[in-house]
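Q:
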Amino acid sequence: MDTQGIEQMLSVLRSTAAQAAGKPVENTQVSGAPDFAAILKGSIDKVNESQQQSNQMAEKLAAGDTTQNLHEVMIALQTASVSFQEMVQVRNKLVTAYQDVMNMQL
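588 is the number that my numbering gives to position 40 of the sequence shown; each next residue is one higher, with no gaps.
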């Protein structure tokens with residue numbers, strides 16, 4: 549996942565939350581800042597690609613393909629699992645941030 553893009557998104561969320569609370573806000577907008585939806589979609593696509601690739605490797609190994617090494621397949625499966633868990637945690641943080649913003653009193 550692109551951590552720089554995530555940090556920029558969190559910065560925008562924090563400044564929006566501070567602005568909604570009536571606090572003075574520093575100008576943290578970066579010109580040419582990445583699009584939130586594009587970064588999120590790109591991250592989801594990478595996780596999906598990783599899962600599909602690891603599943604294909606596992607299917608080839610199960611079918612008896614001798615070019616697939618067991619350790620490479622296991623590493624690919626674990627990498628896909630960890631990246632999916634990371635995506636779930638990011639989603640949970642975004643939902644929590646959204647709920648916090650929605651619960652703010654103006």
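Don't be surprised by glycine CBs; every beta carbon is placed ideally from N, CA and C.
1) Between the Cα of Ile-623 and the Cα atoms of Thr-614, Gln-601 and Gln-637, which residue gives the shortest distance?
2) Count the other CB atoms, across all protein chains shown, that sit within 10 Å of the CB of Met-557; report buried if there are 16 or more and exposed otherwise.
3) With 16 as the cutoff for other CB atoms within 10 Å, does Met-650 come out buried or exposed?
4) Would you mind reading off the limits of the alpha helix (DSSP H) that contains Ala-611?
5) Pull up the distance between the alpha-carbon of Ile-592 and that of Thr-614, whole angstroms please.
6) Please go through the same chain and pick out, in chain order, the residues whose beta-carbon is closer than 7 Å to the beta-carbon of Phe-584, but skip the five residues on each side of it.
7) Gln-653 by DSSP, collapsed to three states: which one?
8) Buried or exposed for Ser-629, going by 16 or more other Cβ atoms inside 10 Å?
9) I need the DSSP call for Asp-593, collapsed to helix, strand or coil.
10) What is the DSSP secondary structure of Gln-616, reduced to helix, strand or coil?
A: In this structure, then:
1) Start at 1 with the first residue of the sequence shown, and residue 623 comes out as number 75. When only C-alpha atoms are compared, the closest one is Gln-601.
2) For this step, residue 557 is matched to residue 9 along the sequence shown. Met-557 is buried by the Cβ-count criterion.
3) For the purposes of this step, residue 650 is taken as the residue at position 102 of the sequence shown. Flag for Met-650 reads exposed.
4) Taking the first residue of the sequence shown as 1, we reach residue 611 at position 63. Careful: Ala-611 lies outside any alpha helix (DSSP H) and carries neither H nor E.
5) For the purposes of this step, residue 592 is taken as residue 44 along the sequence shown, with counting starting at 1. For the purposes of this step, residue 614 is taken as residue 66 along the sequence shown, with counting starting at 1. Cα to Cα, Ile-592 sits roughly 31 Å from Thr-614.
6) For the purposes of this step, residue 584 is identified with residue 36 of the sequence shown, where counting begins at 1. Counting only Cβ-Cβ distances below 7 Å, and skipping sequence neighbours, we find Met-557.
7) Counted from its first residue, the sequence shown places residue 653 at position 105. Here Gln-653 sits in coil by DSSP.
8) Along the sequence shown, read from residue 1 onward, the residue named residue 629 stands at position 81. Ser-629 should be labelled exposed.
9) Here the question's residue 593 lines up with position 45 in the sequence shown. If DSSP states are grouped into helix, strand and coil, Asp-593 belongs with the helices.
10) As a first step, residue 616 is located in the sequence shown; it is residue number 68 there, counting from the start. In the structure shown, Gln-616 sits in coil (DSSP, three-state: anything other than H, G, I, E or B).
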